[in-house]
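Going by the UniProt record's numbering, the sequence shown opens with residue 1, and the numbers climb by one from there. Heads up, the beta-carbon is just placed ideally off N, CA and C, and yes, glycines get one too. Here's the structure, in structure tokens; my notes come after.
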Amino acid sequence: MTNPADSSPPSAQPIDPQVLELARQVFDLARQGDAAMLAAVIEKGVPPNLRNDNGDSLLMLASYHGHLDAVRTLLERGADPDLRNNNGQTPIAGAAFKGFDAVVETLLAHGADVEGTSPDGRTALMVAAIFNRTTIMDLLIAHGANRDARDAAGTSAQDAAGRMGAADAQEKLRNV
Numbered sequence: 001m002t003n004p005a006d007s008s009p010p011s012a013q014p015i016d017p018q019v020l021e022l023a024r025q026v027f028d029l030a031r032q033g034d035a036a037m038l039a040a041v042i043e044k045g046v047p048p049n050l051r052n053d054n055g056d057s058l059l060m061l062a063s064y065h066g067h068l069d070a071v072r073t074l075l076e077r078g079a080d081p082d083l084r085n086n087n088g089q090t091p092i093a094g095a096a097f098k099g100f101d102a103v104v105e106t107l108l109a110h111g112a113d114v115e116g117t118s119p120d121g122r123t124a125l126m127v128a129a130i131f132n133r134t135t136i137m138d139l140l141i142a143h144g145a146n147r148d149a150r151d152a153a154g155t156s157a158q159d160a161a162g163r164m165g166a167a168d169a170q171e172k173l174r175n176v
């Protein structure tokens, strides 16, 4: 018999395999960029900030895979542009890493934190600089990214670009 004063949650119950399969399908919609189906399932009650076991939100998956329409659809339906995964990564950092400038621009337009700092202090600008993604660097800088920020190891975007041989990024940071 349980104590009514005990407010601890009930023990974990196994999840119905059909529910797990449905969740997998919803995450696949985000990975594949199916904006229309994402809109439909959210309208039916799927939370726009649904996360998988890695903490990746639907928005993180759509951003990382460069699906602009899906990103826009999720943001318009309440997805949090700064929701971090279990590694502390944000959708803007994922899009910067992959080089999806239109996704970065859309995230910024919907209030994403321009720095997108990970637990190690790496900003979205640092990520873009490492991979020589100058168009994304321009977007981030135009939205107020701190080009002088340093990560936990004391590395700036300029330092990171130099280590990776990202000459265009280095030049851009010198001239900002």
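Can you check which of these residues, the options, is closest to residue i by C-alpha distance?
{"i": "residue 161", "options": "124, 144 and 68", "result": "124"}
{"i": "residue 119", "options": "43, 62, 90 and 142", "result": "90"}
{"i": "residue 137", "options": "169, 69 and 72", "result": "169"}
{"i": "residue 67", "options": "115, 105 and 23", "result": "105"}
{"i": "residue 30", "options": "54, 69, 127 and 19", "result": "69"}
{"i": "residue 152", "options": "117, 164, 142 and 167", "result": "117"}
{"i": "residue 50", "options": "36, 24 and 140", "result": "24"}
{"i": "residue 110", "options": "38, 16, 79 and 174", "result": "79"}
Apart from the five residues on each side of it in sequence, which residues of its chain come closer than 6 Å, Cβ to Cβ, to residue i?
{"i": "residue 42", "result": "48 and 77"}
{"i": "residue 135", "result": "101"}
{"i": "residue 108", "result": "143"}
{"i": "residue 35", "result": "69, 70 and 73"}
With a 10 Å radius around its C-beta and 16 neighbouring C-beta atoms as the bar for buried, classify residue i as buried or exposed.
{"i": "residue 103", "result": "buried"}
{"i": "residue 112", "result": "buried"}
{"i": "residue 133", "result": "buried"}
{"i": "residue 15", "result": "exposed"}
{"i": "residue 140", "result": "buried"}
Looking only at its chain, what residues have a beta carbon closer than 7 Å to the beta carbon of residue i, apart from the 5 residues adjacent to it on each side?
{"i": "residue 33", "result": "62, 65, 67, 69 and 70"}
{"i": "residue 93", "result": "116, 118, 124 and 127"}
Can you find the residues in the same chain that come closer than 8 Å, C-beta to C-beta, to residue i, ignoring five residues on each side of it along the sequence?
{"i": "residue 39", "result": "73 and 77"}
{"i": "residue 75", "result": "59, 81, 106, 107 and 110"}
- Which runs of the alpha helix (DSSP H) fall wholly inside the UniProt repeat "ANK" (120 to 152) and span at least 4 residues, in chain order? List check, alpha helix (DSSP H) in window: 124 to 130 and 134 to 142.
- Message: If we require 4 or more residues per run, which alpha helix (DSSP H) segments fall completely within the stretch 95 to 119?
- Response: Counting whole runs of 4 or more residues, the stretch 95 to 119 contains the alpha helix (DSSP H) stretches 101 to 109.
- Query: If you scan the UniProt region "Disordered" (153 to 176) from start to end, which runs of the alpha helix (DSSP H) of 4 or more residues do you find wholly inside it?
  - Reply: Listed in chain order, they are 157 to 164 and 167 to 174.
- Message: Just to confirm the assignment: which complete alpha helix (DSSP H) runs, minimum length 4, are found wholly within the UniProt repeat "ANK" (54 to 86)?
- Response: Those alpha helix (DSSP H) runs which fall completely within the UniProt repeat "ANK" (54 to 86) and span 4+ residues are 58 to 64 and 68 to 76.
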